[in-house]
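Data first, discussion second: the structure below is written as structure tokens.
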Amino acid sequence: MYTKKTKTKNTIRWECANRASLSCKGAISTDHDISVPLSVKEHSHDPDAVRVAVIKLRHQIKDDSRTKKAKTTQIFADAMLEVTDEVRARGGKPDTIRRDIRRVRRGCRPKEPSSLAELHLDEEWTETGGNNPRPFLIHDSGADTNDRVILFATEASLRLLSRRSQWHMDGTFAMSPKIFKQVYVIRVLLGETSVSCVYALLPGKTQSIYEELLQAVITQCEHLGCYPDPSTIITDFEQATIKAVSSVFGEHTTVQGCFYHLTQSTWRKIQDLGLVPLYKSNENVKKFCGMLDGLALLPLDDVIAGMEYLKENTPDGLKELVDYFDATYVSGTFRRVQAPPANPYTPLPPVRLRHRPPVFPPAVWNVFESTITRGDRTNNICEGWNNSFRSLIGHQHPSIWTVIEAFRNDQALAATTMLQDQIGERPQKRVRRAQKTFEERLIYMTGILSTFGIRGWDFVHWDFVL
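For the sequence shown, this note's numbering gives the first residue as 1186, with consecutive numbering after it.
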């Protein structure tokens, strides 16, 4: 085995790769095509056929990385099938080889675009990849638009989405490519687990962007002869999303805010108001803060009465917190208005109070029905996906090509789950004992409130809700 030493106008001189370690003076000269040996000086040591095979193996893996669309693990496994045990043993650590494959592929990727207008998706990046690539890109609003929206989904996932009455939607900003604002996902339940149906790259979080996302999904489903009509969409407390759902689907579709996000919002307000020391040191204050979030577990018709109960029994130091919760989630606010007079010389009309509804009315965040029927109160199936997606990519604001490859990988997992479901192997999910206990407590508490109404609050411990 030789390494290149020098190159002249007509020849290339090669020296033994073990010249330093074995003091071998073996050498060879060839033409530039490396096809005809012009002179040979024999090696002074025995040949190492295994080492030669290992080097050929590593080169073969790199070539396959450039030319094949198979996954990293598949390329590694296929290469190892073709060599002897001795070569496998000396071939290098699997993690190192897989890292080399990823490095080669990064070098084969298109240049990272610096703007939405520069982004061009070749056919390779519009498919699922693998040995049997299928169409994956379902919508691209185009490089000439100010707010470019790109969606990925398969035919199978769109058909599944169309058959589900409950959708879960959420976005992550940290895992978005720099030229986009967020990565957005639509997921549905399947058996005891959940799968992703639509992946989106969004340039912002305005109502019009969310409307384009939802309308594009509907259009693609209709092309397949499917007509989605979700009854419930669980998402974050974001007005743009709520308004977009109402605009696209109408009043038939209910938007349900995530109960977990409600509790987090209350906790952030406690922090903003400097109430954390009081919360941690006073059990009555801690219980009362839990009761604020506990309004979501009351029957919807009892929420206003529950808010009045809390306003009448507010502990010292919590009035500002209660006023915020009431204005944002329950009663809204009032502002003074005074209409201009018809005649500038006449007295001003009396001041009136005009009601402004809450930013998020109780119907958006009330989870009484979903709790008592053992439905979903939270958007954890999206939150959990965000965490796994973050682990899959490994760092914030990756390249767009890394994100699309991550979409492909996640879609492959979703496709596997869907196929297993079709043959009767219902997907199952392990639930921790502590979570099961928590769920049973909430259902028990909701039953008390359903039976006794506000009077049932004294029978319930709320300190664990927040």
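Backbone N, C-alpha and C define an ideal beta-carbon position, used for all residues, glycine too.
> Going by Cα to Cα distance, which pick from F1592, V1515, N1469 is closest to L1483?
Replying inline: Minimum Cα distance to L1483 is reached at V1515.
>> I need the DSSP call for D1511, collapsed to helix, strand or coil.
In response: Shown here, D1511 sits in a helix according to DSSP, grouped into three states.
>> Is the beta carbon of L1322 closer than 7 Å to that of C1406?
In response: Going by C-beta atoms, C1406 is not nearer than 7 Å to L1322.
> Which whole-angstrom value describes the C-beta separation of L1398 and V1334, a residue pair presumed to lie in contact below a C-beta threshold of 8 Å?
Replying inline: Contact between L1398 and V1334 holds: their C-beta atoms lie close to 6 Å from each other, under 8 Å.
> Is DSSP giving G1442 helix, strand or coil here?
Replying inline: It is a strand residue.
> Anyone know if the C-beta pair for V1536 and Q1523 falls short of 7 Å?
Replying inline: Q1523 sits close to V1536, with the two beta carbons spaced by under 7 Å.
>> In the DSSP assignment, the beta strand (DSSP E) including H1353 goes from what residue to what residue?
In response: That run of the beta strand (DSSP E) goes 1351-1357.
>> Counting C-beta neighbours from all protein chains within 10 Å, is the total for I1260 16 or more, i.e. buried, or is it exposed?
In response: Residue burial annotation: I1260 is buried, with at least 16 other C-beta atoms found within 10 angstroms of its C-beta.
>> For the pair the stretch 1207-1220 and the stretch 1232-1240, tell me if three or more CB-CB distances fall below 8 Å.
In response: No, they do not touch.
> Under the three-state reduction of DSSP, which class applies to R1411: helix, strand or coil?
Replying inline: Rather than Arg, the amino acid found at residue 1411 in this sequence is Cys. Secondary structure of C1411 (DSSP, three-state): coil.
> Starting from V1430 and walking both ways along the alpha helix (DSSP H), at which residues does that stretch end?
Replying inline: Unbroken alpha helix (DSSP H) run through V1430: 1424-1434.
>> For Q1607, report the span of its alpha helix (DSSP H) as first-last.
In response: Unbroken alpha helix (DSSP H) run through Q1607: 1585-1607.
>> If contacts are defined as beta-carbon pairs under 8 Å, then A1264 and D1285 qualify, I think. What distance do you get, rounded to the angstrom?
In response: No, A1264 and D1285 are not in contact; Cβ-Cβ is about 11 Å, not under 8 Å.
>> What would DSSP say about H1347, mapped onto helix, strand or coil?
In response: The sequence shown places Ser at residue 1347, rather than the His named in the question. Three-state DSSP puts S1347 in a helix.
> By the 10 Å Cβ neighbour count, where 16 or more other Cβ atoms means buried, how is R1593 classified, buried or exposed?
Replying inline: Flag for R1593 reads buried.
> With 16 other CB atoms within 10 Å as the buried threshold, where does Y1369 fall?
Replying inline: So Y1369 ends up on the buried side.
> Can you pull the DSSP bridge partners for A1212?
Replying inline: For A1212, which the question treats as bridged, DSSP gives the partners E1200, K1226.
>> To test your reading of the DSSP string, which unbroken alpha helix (DSSP H) runs of 4 or more residues are found completely within the stretch 1234-1291?
In response: The qualifying runs are 1234-1252, 1257-1266, 1270-1275.
> Closest to E1200 by CA distance: which of K1194, E1227, T1193 is it?
Replying inline: Closest by alpha carbon: E1227.
> Of the choices I1394, D1421, E1436, whose alpha-carbon is the least far from that of D1414?
Replying inline: For D1414, the closest C-alpha among the options I1394, D1421, E1436 is that of E1436.
> Expressed to the nearest angstrom, what Euclidean distance is found between the alpha-carbon atoms of E1423 and V1549?
Replying inline: Rounded to the nearest angstrom, the two C-alpha atoms are 11 Å apart.
> Can you tell which of P1532, N1317, K1465 has the C-alpha that lies nearest to the C-alpha of E1309?
Replying inline: With distances taken between Cα atoms, E1309 lies closest to N1317.
> Residues in its own chain within less than 8 Å of F1337 by CB, not counting five upstream and five downstream?
Replying inline: Within the same chain, Cβ atoms closer than 8 Å to the Cβ of F1337 are found at F1321, L1322, I1323, V1383, Y1384, A1385, I1589, F1592, Q1596, the five residues on either side in sequence being excluded.
> Which residues mark the beginning and the end of the alpha helix (DSSP H) in which L1463 is found?
Replying inline: Element bounds for L1463: 1461-1466.
>> Taking only three categories from DSSP, how would you classify S1381?
In response: DSSP, reduced to helix, strand and coil, places S1381 within a strand of the structure shown.
>> With the cut-off set at 7 Å, would you say T1420 and M1360 are in Cβ contact?
In response: A distance of 7 Å or more separates the beta carbons of T1420 and M1360.
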